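Accompanying notes for the structure given below.
Chains as they are written, first to last, in our numbering: chain F, 316 to 697; chain W, 2 to 272.
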């Protein structure tokens, strides 16, 4: 066996490296608007070259957090460091930070090229260099032919690119993106997500994106911060957010999930536990990440795609449930089966439709078996 | 298309007759060759010629234009600033009181505004003349400008200004380079409104004018008291013509702007 360190390609994970200093450091930041606490004693680090996503329902404080980075809001308490300097009292025009606005906020009286040049001209850049930089940015967002147009003369997708080019033109240390793709239709949004990632990589800029679209956050981000009521619920890589959520809130917010609530009871010596959740149903067997005491109230979370569905009784599986198909959500590539257990609880199971529809195995009212392994789900105590 | 009915035709005729018959009579009699205003004695333009030789009227016209330009410009600057602060200044203490106070002169009787200004000028020992009329007109017309400009600012996407700050503008640069160009049409209409108000104000001007500074409305009013002369009719006809040309030009310009915008949009969609 070779050395495992040299065998794996270098992974971008500065948050796991204690010698790295973060680009942005929020230290016990609180922001109140009158009686309302938008950000509640929040501490977080964001590292250089990250694509950091702030995800949460509306009103969770993600936009306030971003506006504090841009300088449009001042924290009520706490310190915000950017590259080691406290920026709390620095006005927005003096920060090496640029923002792409949700409404794009293009200047309607200026052409596309003048919009992009606007920030450069404020920075006292020589005129010939401004022109070269504008051309470079137009090329980056593939709008070379549109420099002379006014914002109302181009399409929504093109406006989005102009806004991106304008915010990147000054080569900021940090780019803030407020719901940058919210106004685009789904197909264009997916394409643009990949473009954003490419631009982020090629320019090496640190991106902080605010979104309420969990799929978008999963696609683009190096790390996701799931927020609720002004607090960070979990900050982690997309795969860990999805596979090992730290709370029922995160599990439920990201993707589709089955939540089973019950009381823990020790099961095996190997750390597995049983969750007794409903009279007449077998207990759910799961593997908690940390030891759980007997009798603890906990939630078992399992993703529908990890629940197998079959017509025959599966032998020797850790968790087996029996029920009847109540509903089928057919999405083309996958189908989600809503299976009602005898006690009325509905468990969702997903199958990819690798066979043509006429040979589908299950239909409404079918009696089926559901099963999963003892490591397929997570045991949550929060 | 609505159907033609006698009722519609009669209402239309009555309405327009009510509005325009007085002006029509004035215009017709301005071309009357008789000295008597109400007796038609044939067509003539002699009153126009006489008007152009009447030094007193020409002086008054010149004073009026100077006052209107100076006061509407000052009112536009002050009114725009006030509107900007009231709309953008956030919720500072007493904001409701301030915005109420800026609109109060709109409903204040002109006699009271004029009298209070007169008392102020006497109290501070300011000699009445062109300058005091300009001050007085600025005072009462700036709230009109403020109303026009703030209605534009309210419908204006705030993030455009934030984008300017974000790209390195100081707050003043953001106003000058972004906000002002966008709200400029509203500022212009505010200026035009203030200009018209100043042009035809009689009450406030007569309180604040001095012996050397008679405006056209004051001149007309005082000469009518000695009897209506055909010269006044000629002068009024000229003023109606100027206003009509101005209104028609303004509407043509804005129509053209809309047409151009629509055409550009169409081109953008086709491209």
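Think of the CB as a built atom: it goes at the ideal place given N, C-alpha and C, for glycine as much as any other residue. In this text, all values refer to a predicted model and were calculated from it rather than measured experimentally.
- Residue 369 of chain F is positioned such that its CB atom lies no closer than 8 Å to that of residue 565 of chain F.
- Per DSSP, reduced to three states, the secondary structure at residue 356 of chain F is strand.
- Taking C-beta atoms under 8 Å as the contact rule, residue 378 of chain F and residue 493 of chain F qualify, at a distance of about 6 Å.
- Within the same chain, and ignoring the five residues on either side of residue 79 of chain W in sequence, the residues whose Cβ sits closer than 6 Å to its Cβ are 143.
- With fewer than 16 neighbouring CB atoms inside 10 Å of its own CB, residue 350 of chain F falls in the exposed class.
- Looking at the DSSP output, residue 693 of chain F bridges to F:616.
- At a C-beta separation below 7 Å, residue 239 of chain W has no neighbours in chain F, since its nearest C-beta there lies roughly 37 Å away.
- Excluding five sequence positions before and after residue 340 of chain F, the CB atoms of its chain that fall closer than 6 Å to its own CB belong to 360 and 396, given in chain order.
- Residue pairing from DSSP places residue 667 of chain F in a beta bridge opposite F:649.
- Counting of Cβ neighbours within 10 angstroms places residue 151 of chain W among the buried residues, the total reaching 16 or more.
- Taking 7 Å as the cut-off between beta carbons, the residues of the stretch 408-428 of chain F near chain W are 408, 413, 414, 416, 418, 420, 422, 423 and 424, in sequence order.
- Going by beta carbons, residue 607 of chain F and residue 588 of chain F fall inside the 8 Å limit.
- Contact check between the stretch 451-460 of chain F and the stretch 202-220 of chain W: fewer than three CB pairs, one atom from each, fall below 8 Å, which does not count as touching.
- Counting C-beta pairs with one atom in each stretch, the stretch 408-417 of chain F and the stretch 471-483 of chain F have three or more that are closer than 8 Å, which means they touch.
- Here the alpha carbons of residue 499 of chain F and residue 534 of chain F stand approximately 16 Å from one another.
- Per DSSP, the unbroken beta strand (DSSP E) holding residue 546 of chain F starts and ends at 546-551.
- Judged by their CB atoms, residue 343 of chain F and residue 356 of chain F are nearer to each other than the 8 Å cut-off.
- Rounded to whole angstroms, residue 34 of chain W and residue 234 of chain W show a C-alpha spacing of 12 Å.
- Within the DSSP bridge table, the entry for residue 542 of chain F names F:547 as partners.
- Per DSSP, the unbroken alpha helix (DSSP H) holding residue 138 of chain W starts and ends at 131-155.
- Membership of residue 392 of chain F in the beta strand (DSSP E) is indicated by the continuous run 392-397.
- Secondary structure of residue 639 of chain F (DSSP, three-state): strand.
- Excluding sequence positions up to five before and after residue 398 of chain F, its CB lies within less than 7 Å of the CB of 338 and 488, all in the same chain and listed in chain order.
- No residue range can be given for residue 630 of chain F, since it is assigned to no beta strand (DSSP E) and is classified by DSSP as neither H nor E.
- No Cβ-Cβ contact shorter than 8 Å links residue 666 of chain F with residue 643 of chain F.
- Short of 8 Å from the beta carbon of residue 475 of chain F, and not among the five residues preceding or following it, lie these beta carbons of its own chain, in chain order: 419, 495, 496, 498, 499 and 507.
- Rounded to the nearest angstrom, the Cβ distance from residue 574 of chain F to residue 624 of chain F is 18 Å, too far for a contact under 8 Å.
- Under the 10 Å beta carbon count, residue 652 of chain F is surrounded by 16 or more other beta carbons and is classified as buried.
- Counting only the Cα atoms, residue 32 of chain W lies some 5 Å from residue 44 of chain W.
- For the stretch 4-32 of chain W, the full-length alpha helix (DSSP H) segments reaching 4 residues or more read 7-31 along the chain.
- Each of F:521, F:592, F:518 and F:438 was checked against the Cα of residue 168 of chain W, and the nearest Cα belongs to F:438.
- For residue 601 of chain F, the pairing in a beta bridge is given by DSSP as F:588.
- Inter-residue distance for residue 443 of chain F and residue 260 of chain W is about 36 Å (C-alpha atoms, whole angstroms).
- Here residue 199 of chain W has 68, 69, 72, 73, 138 and 142 as same chain residues with Cβ atoms under 7 Å from its own Cβ, once five neighbours each way along the sequence are excluded.
- Around residue 376 of chain F, the same chain offers 353, 354, 542 and 545 as residues with beta carbons nearer than 7 Å, after the five sequence neighbours per side are excluded.
- Of all residues in the stretch 432-443 of chain F, those with a C-beta nearer than 8 Å to a C-beta of chain W are 433, 434, 437 and 438, reading in chain order.
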